[in-house]
Every structure is written in C-alpha cells, then in structure tokens.
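A.B. asks:
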Amino acid sequence: MNYSSIILRYEKELFESVTPFWEKNCIDKINGGFFSFLARDGAVFETDKYMWVQWRIVYMFACLYLSEYSKQQWLKFALKGYEFLRKNGRDKFGNYYFA
C-alpha cells in the first residue's frame, strides 16, 4: 500500500488546520499558559488550567519546533508555557498542582 497520500493528508490537516487553530486560540496572553477548553470557533469556554494539559501543549509545541517543519514561534510558545508552569504550577514545596 502506498501511504504517500495519507501522509500528505495528515500533514495538510496538521499544518493548515489543527496547528494554526491552537496557535491562534490557546495562548493566554494575559495570564500566561494555555487555554484548552475551546469551542470549534476558538472561543474559550473554560479558563481552568490543568497541569497535565498545560504540559502536553508545551510538549506539542516543542516537538513541532524540533520537527523538520520547525518554526521559531513554536519554540517561543513552548518556552512561555514552560515558564508559566515553573512559576505558577507548583506550591512552595515544588509539588505541581492538579489545576
């Protein structure tokens, strides 16, 4: 089986739909971190920030940056998310909050 068409389809969806949606809508420009409860139109319907989801978004942007499709903005998003988590995600003993 030739997987070329499937690979192209997934690449197109990831880089023309999925990733631009998250870049445009998930960044919390006021408080830092990421919004993860988004409607189809990108509207935020819940502002709680669960640590495991925040780390997954950091990981996603870091992986995208390290991929062959690398964009500098993905590293910027990953680092900003990491900084948010280091600053706001833990208690005074270094234990991460659930949310």
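Using the numbering used here, the first residue of the sequence shown is number 3, and each one after it goes up by one.
The beta-carbon is built from N, C-alpha and C at its ideal position, and this holds for glycine as well.
Enumerate in chain order the residues of its own chain whose CB-to-CB distance from Tyr-84 is below 6 angstroms, with the five nearest sequence positions on each side excluded.
C.D. replies: Contacts found: Val-60.
A.B. asks: Can you tell me whether Trp-76 is buried or exposed? The criterion is at least 16 other CB atoms within 10 Å of its CB, across all chains shown.
C.D. replies: That one is buried.
A.B. asks: Report yes if the C-beta distance between Phe-39 and Glu-25 is below 7 angstroms; otherwise report no.
C.D. replies: Cβ atoms of Phe-39 and Glu-25: not closer than 7 angstroms.
A.B. asks: Suppose contacts are defined by Cβ-Cβ distances below 7 angstroms. Is Met-62 in contact with Gly-91 by that definition?
C.D. replies: No, these two residues do not count as a Cβ contact at 7 angstroms.
A.B. asks: Thinking Gln-56 and Leu-87 are a contact (beta carbons under 8 angstroms), I'd like their distance in whole angstroms, please.
C.D. replies: Going by Cβ atoms, the distance from Gln-56 to Leu-87 rounds to 6 angstroms, so yes, they are a contact pair.
A.B. asks: Could you check where the beta strand (DSSP E) with Glu-13 kicks off and where it finishes?
C.D. replies: It is not in any beta strand (DSSP E) - Glu-13 instead sits in the alpha helix (DSSP H) that spans 6-15.
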